[in-house]
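Asker:
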Amino acid sequence: GAVVSQHPSWVICKSGTSVKIECRSLDFQATTMFWYRQFPKQSLMLMATSNEGSKATYEQGVEKDKFLINHASLTLSTLTVTSAHPEDSSFYICSASGLTGGDEKLFFGSGTQLSVL
Amino acid sequence: QQQVKQSPQSLIVQKGGISIINCAYENTAFDYFPWYQQFPGKGPALLIAIRPDVSEKKEGRFTISFNKSAKQFSLHIMDSQPGDSATYFCAVYNFNKFYFGSGTKLNVKP
Numbered sequence: 006g007a008v009v010s011q012h013p014s015w016v017i018c019k020s021g022t023s024v025k026i027e028c029r030s031l032d033f034q035a036t037t038m039f040w041y042r043q044f045p046k047q048s049l050m051l052m053a054t055s056n057e058g059s060k061a062t063y064e065q066g067v068e069k070d071k072f073l074i075n076h077a078s079l080t081l082s083t084l085t086v087t088s089a090h091p092e093d094s095s096f097y098i099c100s101a102s103g104l105t106g107g108d109e110k111l112f113f114g115s116g117t118q119l120s121v122l
Numbered sequence: 689q690q691q692v693k694q695s696p697q698s699l700i701v702q703k704g705g706i707s708i709i710n711c712a713y714e715n716t717a718f719d720y721f722p723w724y725q726q727f728p729g730k731g732p733a734l735l736i737a738i739r740p741d742v743s744e745k746k747e748g749r750f751t752i753s754f755n756k757s758a759k760q761f762s763l764h765i766m767d768s769q770p771g772d773s774a775t776y777f778c779a780v781y782n783f784n785k786f787y788f789g790s791g792t793k794l795n796v797k798p
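Chains A and B are the protein sequences, given in the same order. Here my numbering is used: the first residue of the first sequence is 6, the next is one more, and so on. Here my numbering is used: the first residue of the second sequence is 689, the next is one more, and so on.
#1: Quick check on residue 763 of chain B - is its C-beta less than 8 Å from some C-beta in chain A?
#2: From B:713, B:704, B:741, B:786, pick the residue whose C-alpha is nearest to that of residue 695 of chain B; which is it?
#3: Among A:96, A:82, A:28, which residue has its Cα nearest to the Cα of residue 47 of chain A?
#4: Smallest Cα separation from residue 785 of chain B: which of A:85, A:121, A:37?
#5: For residue 729 of chain B, return the contacting residues in chain C, with the cut-off set at a CB-CB distance below 9 Å.
#6: Counting along the chain, where does the beta strand (DSSP E) carrying residue 47 of chain A start and finish?
#7: What is the DSSP secondary structure of residue 771 of chain B, counted as helix, strand or coil?
#8: Compare the beta carbon distance of residue 772 of chain B and residue 698 of chain B with 8 Å and say whether it is the shorter of the two.
#9: Of the residues that make up the stretch 43-62 of chain A, which ones have a beta carbon closer than 8 Å to any beta carbon in chain B?
#10: Looking at C-alpha atoms only, which residue of B:755, B:756, B:703, B:779 is the closest neighbour of residue 794 of chain B?
#11: Inspect the beta-carbon positions of residue 750 of chain B and residue 734 of chain B and report whether they are closer than 8 Å.
#12: Count the other CB atoms, across all protein chains shown, that sit within 10 Å of the CB of residue 66 of chain A; report buried if there are 16 or more and exposed otherwise.
#13: Please name the residue in B:716, B:718, B:722 whose C-alpha comes closest to that of residue 646 of chain B.
#14: To the nearest whole angstrom, what separates the beta carbons of residue 692 of chain B and residue 787 of chain B, a pair I think is in contact under 8 Å?
#15: Taking the continuous beta strand (DSSP E) assigned at residue 751 of chain B, which residues delimit it?
#16: When burial is assigned at 16 or more other CB atoms within 10 Å of the CB, is residue 40 of chain A buried or exposed?
#17: Under the rule that 16 or more other beta-carbon atoms within 10 Å means buried, what is residue 717 of chain B, buried or exposed?
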């Protein structure tokens, strides 16, 4: 199946600093990428949808100035958590959608565990 | 508003048994129904998926049953193995958006 690479897999940062997470589709062009947040033992919460070359669409309640998303190319999207605080600590997962086998399939990165001290 | 409801929240099955996870939705516009498997600390991985024009799809030990009139679909894991122990999410899709169920934590006892 298609591969989505997400880096870093784990990051610890001090409160007030910014953290950038990268998401790459390695073997297909992803016109749309999604960013999710997952709390322990909970489902995936969609944060935003990004389309290549345009501004991201944020879900209700997600601060766009705090979670900056850039989708500069068909294979790369980045999520920057600005001025991170302990309550931003979470598991962040990116995904990319691509048309394969006639279906719009969603492929996930391996996730990034963010811990803000 | 929750687009898809998943049950049970957790499931314990003996090795060799059948694991069954159910999902229900309301919006008939959804036209693609995937299941994802997630191990701790990893991103979800696509397991199997079905379109609404098919009532059943089987891939190895994994089967999706789809009931369009009832707006329900389920995942069956035959001959469940300890390695199947993971969290499973159903999802529904349309208009370039995926919505996920709340997840089912499966524990297969050896």
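C-beta: ideal position from N, C-alpha, C; glycine also. Everything numeric in this text was worked out from a predicted model, so none of it was measured.
Answerer: Walking through what the data contain:
#1: As a first step, residue 763 of chain B must be located in the second sequence, where it is residue number 75. No, its Cβ sits nowhere closer than 8 Å to a Cβ of chain A.
#2: Reading the second sequence from its first residue, position 7 is the one you call residue 695 of chain B. Measuring C-alpha to C-alpha distances from residue 695 of chain B to each of B:713, B:704, B:741, B:786 identifies B:713 as the nearest.
#3: Position 42 of the first sequence, counting from 1, holds the residue named residue 47 of chain A. The shortest Cα separation from residue 47 of chain A among A:96, A:82, A:28 belongs to A:96.
#4: Locating residue 785 of chain B in the second sequence gives position 97, counting from the first residue. Among A:85, A:121, A:37, the Cα nearest to that of residue 785 of chain B belongs to A:37.
#5: Absent here is chain C; the protein component of the structure consists of chains A and B.
#6: One-based indexing of the first sequence puts residue 47 of chain A at position 42. It is not in any beta strand (DSSP E) - residue 47 of chain A carries neither H nor E in the DSSP assignment.
#7: By one-based count along the second sequence, residue 771 of chain B stands at place 83. Note: residue 771 of chain B maps to helix in three-state DSSP.
#8: Mapped onto the second sequence, residue 772 of chain B falls at position 84. Mapped onto the second sequence, residue 698 of chain B falls at position 10. By the CB criterion at 8 Å, residue 772 of chain B and residue 698 of chain B fall outside the cutoff.
#9: For the stretch 43-62 of chain A, which is checked against every Cβ of chain B, the residues closer than 8 Å are 46, 47, 48, 49, 51, 54.
#10: Numbered from 1 along the second sequence, position 106 holds the residue referred to as residue 794 of chain B. Checked all of B:755, B:756, B:703, B:779; the closest Cα to residue 794 of chain B is B:703.
#11: Numbered from 1 along the second sequence, position 62 holds the residue referred to as residue 750 of chain B. Numbered from 1 along the second sequence, position 46 holds the residue referred to as residue 734 of chain B. No.
#12: As a working note, residue 66 of chain A is residue 61 in the first sequence. The residue in question, residue 66 of chain A, is exposed, as its Cβ has fewer than 16 Cβ neighbours within 10 Å.
#13: As displayed, chain B neither begins before 689 nor continues past 798, which places residue 646 of chain B out of reach and without an answer.
#14: Taking the second sequence and counting its residues from 1, one reaches residue 692 of chain B at position 4. Taking the second sequence and counting its residues from 1, one reaches residue 787 of chain B at position 99. Correct: roughly 6 Å between the Cβ atoms.
#15: Working through the second sequence from its first residue, we reach residue 751 of chain B at position 63. Annotation: the continuous beta strand (DSSP E) that includes residue 751 of chain B extends over 750-755.
#16: Position 35 of the first sequence, counted from the first residue, corresponds to residue 40 of chain A. Here residue 40 of chain A is buried, its C-beta having at least 16 other C-beta atoms within 10 Å.
#17: Indexing the second sequence from 1 puts residue 717 of chain B at position 29. With fewer than 16 Cβ atoms within 10 Å of its Cβ, residue 717 of chain B is classed as exposed.
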